[in-house]
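A.B. asks:
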Amino acid sequence: MSGQRTGWRRVIPTWRTLLGTVLLFLLLVVGGMIAGYLLVGIPPANSAAKAQSNIYLYSDGSELAHDGEVNRQNVTLSQIPKSVQRAVLAAEDRDFYAESAVDPAAMLRAAWNTVTGKGKQSGSTITQQYVKNYYLGQEQTLTRKAKEFFIAIKLDREVSKDNILEGYLNSSYYGRNAYGIQAAARSYYGRDAEQLTTAQGAYLASLLNAPSAYDLTAHPENRARVLARWNYVLDGMVKKKWLDAGERAALEFPTTRRAKPSPGLSGQRGYLVEAVKNYLSDHHILDEDTLRGGGYRITTTIARKRQNAFVKAVNTRVMDRLDDDREVDRSVRAGGASIDPASGRVVALYGGIDYAKQYVNGATRRDYQVGSTFKPIVFASAVQHHSTTQDGDRITPDTVYDGTNKRMTISHGRPTGFAPANEDDRSYGPITVTEATDKSVNAVYAQMGIDVGPNKVKSTAIALGIPAGTPSLASAEGAVSLGTATPSVLDMTQAYATLAQHGTHRPYTLVDKVTRGEGEEIELPEREETRAIPRTAADTTTSVLRGVVDGGTGTAAQGAGRPAAGKTGTAEEDKAAWFAGYTPELATVVAVLGQNPESAAQEPLYGAGGLSRVNGGDYPAQIWADYTAAALNGRPVRDFDLQLEAGAESASPEPSSSDSPSPSASGSPSTGPTDSPTGPTPPTVGPTPPTVTPPTTPPLPSEPAPTTPPTDDVPTVQPQSDELWRQMRWGWGG
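Numbering (our numbering), first residue to last: 23 to 756.
1. Since Thr605 and Thr650 should fall inside the 8 Å C-beta cutoff, what is the C-beta to C-beta distance between them, to a whole number of angstroms?
2. What residue range is occupied by the uninterrupted beta strand (DSSP E) comprising Arg355?
3. If you follow the alpha helix (DSSP H) that Val566 is in, where does it begin and where does it stop?
4. Rounded to the nearest angstrom, what separates Asn464 and Thr575 at their Cα positions?
5. Assuming contact is defined by CB atoms lying nearer than 7 Å, are Gly425 and Ile399 in contact in what I supplied?
6. Taking 7 Å as the threshold (C-beta atoms), are Gly629 and Val260 in contact?
7. Can you give me the C-alpha to C-alpha distance between Asn253 and Gly583, rounded to a whole angstrom?
8. In terms of residues, what are the limits of the alpha helix (DSSP H) holding Gly471?
9. Hey, how far is the Cα of His434 from the Cα of Met341?
10. Using C-beta distances below 7 Å, list every residue in its chain close to Ala488, excluding the 5 sequence neighbours before and after it, in chain order.
11. Starting from the C-beta of Val479, find all residues in its chain whose C-beta is less than 7 Å away, skip the five residues before and the five after it, and write them out in chain order.
12. Could you compute how far the alpha carbon of Ala359 sits from the alpha carbon of Ala370?
13. Name the residue from Gly212, Lys104, Pro529, Glu667 whose alpha carbon lies nearest to the alpha carbon of Ser409.
14. Rounded to the nearest angstrom, what separates Lys299 and Leu486 at their Cα positions?
15. Measure the C-alpha to C-alpha separation of Thr219 and Val106 and round it to an integer number of angstroms.
16. One question on the structure: do Tyr381 and Leu615 come within less than 7 Å of each other, judged by their Cβ atoms?
17. Taking the Cβ atom as the reference point for each residue, do Glu368 and Val511 lie within a distance shorter than 7 Å?
18. Who are the near neighbours of Asn192 in its chain, counting only those whose CB is closer than 6 Å to its CB and skipping five residues on each side?
19. Would you kindly work out how many angstroms separate the C-alpha atoms of Ser462 and Glu595, rounded to a whole number?
20. Apart from the five residues on each side of it in sequence, which residues of its chain come closer than 6 Å, Cβ to Cβ, to Thr321?
21. For Gln162, which residues from the same chain have a beta carbon less than 7 Å from its beta carbon, with the 5 sequence-adjacent residues on both sides left out?
22. According to DSSP, is Val612 part of a helix, a strand, or is it coil?
23. Let me check understanding here. Comparing Cα to Cα, which of Ile307, Tyr372, Val181, Asp304 lies closest to Arg326?
24. To the nearest angstrom, how far is it from the Cα of Ser394 to the Cα of Thr592?
25. Who pairs with Arg367 in a beta bridge, going by DSSP?
26. Which residue or residues does DSSP assign as beta-bridge partners of Ala87?
27. Just to confirm, is the Cβ distance from Glu545 to Thr537 under 7 Å?
28. Does the contact criterion of 3 or more C-beta pairs under 8 Å hold for the stretch 106–116 versus the stretch 207–222?
29. Could you check if Asn185 is buried or exposed, using at least 16 other CB atoms within 10 Å of its CB as the buried criterion?
30. By Cβ distance, which residues of its chain are closer than 6 Å to Ser303, with the 5 residues on each side in sequence left out?
31. By alpha-carbon positions, which one of Thr520, Asp473, Tyr450 ends up nearest to Ile484?
32. So what does DSSP say about Tyr423, is it helix, strand or coil?
33. According to DSSP, is Arg538 helix, strand or coil?
34. Taking only the alpha-carbon atoms, compute the straight-line gap between Arg416 and Phe601 and give it to the nearest angstrom.
35. Here's the rule: buried if 16 or more other CB atoms are within 10 angstroms of the residue's CB, otherwise exposed. What is His88?
Structural data, given as structure tokens:
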């Protein structure tokens, strides 16, 4: 009995048990590997290699577009310069010729990084990627990964490394519907693969990481990321001694030619298809590789009649007025988006005059400042956080600020170093928030942004729907309140749709349904509603923005014939003009942008269309009015149903009129707003019809202003860069 295990030792396995378990596990693994190798054969080319079309439909089921016309031409490895081959190896698999077909350690590391939130990463060798591209599909399943594993091992034993690399280069996707290195060379540089330079080869190799996102013609805002990837490839070539360090230092980034989209994607179709593809990929519904396999039927949220109305409005108000004899008119671009606030469905999207002529989507690009259309976010944040002025007064529509031009902003009695100019260097003196919003006074909103706190303003912006990674949103502490960030037109439409929906945020969607084959329906993600800001904060902001339309810089929006709220905006140096607005049932944002047709550099819009300057109250507000009238034609007029914040009951939905009329088509300049505003008129709290003088209701009970001191998260230092000083000097506004 002495050999028996007693007490706690009985629950601990013996070394014999452990050894037996380990041996059994190893036998199962080895047996499974052998069985997999024997059972999985090398299949014929997959459907993606043979290409199918995806069908895109309007919301009513009628066909919008189809893609899948593959641009592919195989070449031999000897026709591809050695430097280009090595650039691809440096980008994707530097030890390709020395390693086995699979790298289990890399696969486990990639899986771990993906699970732990470090981003979706690939642990595949070039051999595995070739197997996935040519023999299998792009679905992310364990079955597919297992097949990929065994086919790669078998292929590596039966086919030479050179043949595998040749197949990989001919089957990989480089964007622009280009499959293979030859098609990519023709599409991006107008030459055959054998004529590619080292610098060009390194760029094409960079594209393999993110083909659509790294195409600078379509996404100029991604230039920094593309350059980082290009440098990574070249540095890898130097590290592997495939490229001399001196030669590498002399290389310059190679400019690509403009894209030539498929004729089937001309007009608005290309912009819509691109936006839908990006939506499917960004929301992990179908990744880019899977979608390229084709065979999907995608019903979009785009309403055909509203889409056509948007195109007509842009053409009538802007494009038909352009003259080839005016140099600036060649630089005019436009972007627009429209969302149903209740459902979050994008019902119309204007990307440009023609996808075949202007490849960059004006509705989704993130490289133009939004200007004063950002100011309502500042005010909404002030109301949300019960913010106070430097004197401790609660910020309401009637709060009086100093609108003096280039007034130094203050935080806790100290200058911050930020003193922005008003548009046209106009000084206003004491002015209410409502009046400052009507006239888009930078001095007021710069100070308000500091009173609220830039971090709180950014938090509100993100809650409303502005992406957290938006360029410039996380920099320029003071200037962020004046719209130095560069969210897209679609991003801004999302934010204004949240205001229109009384502060309830529902993420937008471009897709109603996705099916494949015989009715297989792809599951779409839930779009949960969240409370972005309190209803009273959203509705009080709406009450102020109604004044912009009724008597401020956005009076052209009255042409919609509906109760409306909105804000004009102009980027620095007048490189972009915006109007963002909404009715109770539709939120729409329009931007007119200046971009050099050759260099793609942003250009001022002075003189465009015959106007001395282009402001948000001109073309953008006119387009908005025409589109909104057509989009809501035949539908009952709905009034705003507002619940105002306590203390905002004397805000006027119809502020003082301004004698700063929009420039006319004949080019008469703006004279700037008047210094003699009319006093505020009490608003309604319930539904408000679009009358000149709204009826009033008894004021809501007031509540004491909080005694919390102004936030101190603004550094009292000089602006962060010369660029910020330049923005302040130009004094962009509404």
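Cβ atoms here follow ideal geometry from the backbone N, Cα and C, with glycine treated the same way.
C.D. replies: In brief:
1. 6 Å
2. Its beta strand (DSSP E) spans residues 354–362.
3. 557–573
4. So the alpha carbons of these two residues sit roughly 14 Å apart.
5. no
6. no
7. 54 Å
8. 464–474
9. Going by the C-alpha atoms only, they are around 49 Å apart.
10. A small fix is needed here, since residue 488 is Ile in this sequence, not Ala. Cβ within range, chain order: Leu495, Pro509, Asp513, Ala517.
11. Ile399, Val400, Ser403, Gly471, Val502, Ser503
12. 6 Å
13. Glu667
14. Cα-Cα distance, rounded: 24 Å.
15. 7 Å
16. no
17. Per the sequence presented here, residue 368 reads as Val, with Glu not at that position. No, they are not a contact pair.
18. Asn96, Gly202
19. Roughly 16 Å separates the two Cα atoms.
20. Leu79, Asp534, Lys535
21. Low confidence applies here, because Gln162 scores a pLDDT of 48, under 50, leaving its location unreliable and the question unanswered by this model.
22. strand
23. For the residues Ile307, Tyr372, Val181, Asp304, the minimum Cα distance to Arg326 belongs to Tyr372.
24. 6 Å
25. Asp362, Thr531
26. For Ala87, which the question treats as bridged, DSSP gives the partners Tyr78.
27. no
28. yes
29. exposed
30. Asp309, Glu310
31. Thr520
32. strand
33. strand
34. 28 Å
35. Buried.
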